[in-house]
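One structure is given below, encoded as structure tokens.
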Amino acid sequence: MRRLSRKPNLRILLYFILLAGVIIAMSLLKNRGSENLEKPQPIESGGDTLDVGIEYGPMTLYREGDTLGGYSYDLLRQIASIGNLKLKFHPIVTISEALEGLRSGRFDIIVGSVPQTVAVSEEFAVTEPIYLDKQLLVQRADSSKHYFVASQLDLGGKTLHVLSDSPAIERIRAMSSEIGDTIYTVEEHEYGNEQLVILVATGEIDYAVVNEKTALAMEGKFDNLDMGTAVSFNQFQPWLLRREDSVICNRLDSLIVRVKAAEVNQHKK
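Last residue of the sequence shown? That's 305 in my numbering, and every number before it is there in order.
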């Protein structure tokens with residue numbers, strides 16, 4: 037499928053946005069060393085330290101002012117404290133980078149927007165579900181909030197930009213068969229969920245599929261977007277490990293259950 041042409045001025049805008057993200061990441065690496073947050077290295081840490089590839093995103097890792105946050109990031113720190121685990125965090129942008137790092141042994145744990153599908157469970161060890169999420173269509177809307185895709189039936193003939201290695205690709209193929217029309221996909225190898233939202237908002241691309249948590253977190257930043265069409269059902273979002281690391285996975289599972297049970301008990305008080 038031929039890629040849509042992208043206007044130079046919008047591309048420059050995007051590059052500035054991405055550059056700002058890199059500067060923020062570098063600041064994190066410099067100023068938050070005490071929390072063991074580092075860039076991915078070609079060689080794993082070794083010993084009893086677990087290398088965690090963690091995706092930038094509203095439910096995983098973000099920066100607000102001088103503070104690092106993210107539900108998964110905070111949960112991991114709790115688990116590390118309770119279970120006496122040594123973790124080294126490696127920020128990542130794309131899921132394809134994360135999965136390749138897990139396969140090659142660079143990372144021991146992947147924390148990101150990867151739903152638990154049959155294919156994922158067959159290739160990797162998966163932890164207890166961390167939260168629920170789903171895939172949404174991102175498209176532009178005009179000033180009257182009119183848009184082209186009102187339901188999945190309107191996706192026939194459209195080109196959707198999706199993260200490379202995203203399980204959403206299989207769902208789109210199944211949907212194409214269900215509606216009896218071709219839905220084209222372009223796999224993005226360089227961008228993450230947030231960058232795809234920006235590309236749609238600036239007119240670089242027309243449609244993208246991203247996870248709901250990211251879409252809702254960015255919805256208020258752009259008044260020209262519609263994110264009301266679901267591409268998938270709610271799906272469990274686990275953390276991933278290599279299949280041979282089932283002992284570590286089981287240990288994480290027990291700690292996840294323990295921490296979540298404590299959270300439930302706290303809310304009941």
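Just so it is clear, CB atoms sit at the ideal spot from N, CA and C, and this is done for glycine as well.
Please look up how many angstroms separate the CB atoms of residue i and residue j, rounded, as I've assumed it's under 8 Å.
i           : j           : result
residue 289 : residue 158 : About 18 Å; that fails the 8 Å criterion.
residue 20  : residue 207 : The question about residue 20 has no answer here: the residues shown for the chain are numbered 37 through 305.
residue 233 : residue 251 : 7 Å
residue 118 : residue 295 : 7 Å
residue 281 : residue 144 : 7 Å
residue 8   : residue 265 : Nothing about residue 8 can be read from this structure; the chain reaches only from 37 to 305.
residue 160 : residue 291 : About 19 Å separates the two Cβ atoms, so there is no contact after all.
Nearest by alpha-carbon distance to residue i: which of the options is it?
i           : options            : result
residue 91  : 240, 199, 217, 213 : 199
residue 87  : 139, 209, 172, 98  : 139
residue 229 : 196, 185, 112      : 196
residue 271 : 84, 113, 112, 154  : 154
residue 245 : 262, 113, 161, 112 : 262
residue 178 : 214, 236, 152, 125 : 236
residue 215 : 192, 284, 283, 247 : 192
residue 285 : 89, 162, 213       : 162
residue 273 : 247, 85, 213, 126  : 247
Alpha carbon to alpha carbon, how far is residue j from residue i? Give it in angstroms, no decimals.
i           : j           : result
residue 129 : residue 146 : 12 Å
residue 175 : residue 188 : 13 Å
residue 108 : residue 167 : 9 Å
residue 101 : residue 222 : 35 Å
residue 201 : residue 275 : 16 Å
residue 133 : residue 217 : 31 Å
residue 95  : residue 123 : 19 Å
residue 98  : residue 104 : 6 Å
residue 300 : residue 249 : 22 Å
residue 170 : residue 120 : 33 Å
residue 106 : residue 209 : 31 Å
residue 115 : residue 141 : 22 Å
residue 211 : residue 219 : 8 Å
residue 269 : residue 256 : 23 Å
residue 225 : residue 231 : 11 Å
residue 137 : residue 152 : 18 Å
residue 112 : residue 89  : 12 Å
residue 66  : residue 135 : Confidence in residue 66 is poor, its pLDDT being 39 and thus under 50, which makes the residue's placement unreliable; the coordinate value appears in the next sentence. Spanning the two alpha carbons is a distance of roughly 26 Å.
residue 297 : residue 259 : 39 Å
residue 287 : residue 148 : 19 Å
residue 279 : residue 183 : 43 Å
residue 213 : residue 194 : 14 Å
residue 84  : residue 254 : 37 Å
Which first and last residues belong to the beta strand (DSSP E) in which residue i is found?
i           : result
residue 146 : 145-147
residue 319 : Limits of the chain in this structure are 37 at one end and 305 at the other, which puts residue 319 out of reach.
residue 125 : 122-128
residue 150 : It is not in any beta strand (DSSP E) - residue 150 carries neither H nor E in the DSSP assignment.
residue 272 : 271-273
residue 223 : 220-224
residue 198 : 195-199
Could you check where the alpha helix (DSSP H) with residue i kicks off and where it finishes?
i           : result
residue 229 : 229-237
residue 110 : 107-119
residue 249 : 248-255
residue 89  : Where residue 89 is concerned, there is no enclosing alpha helix (DSSP H), although the beta strand (DSSP E) it sits in stretches over 85-91.
residue 204 : 204-215
residue 135 : 131-140
Could you please give me the residues that DSSP links to residue i through a beta bridge?
i           : result
residue 171 : 247
residue 278 : 160
residue 99  : 104
residue 176 : 261
Using a C-beta cutoff of 8 Å, does residue i count as contacting chain C?
i           : result
residue 214 : Among the protein chains of the structure shown there is no chain C, as only one such chain exists.
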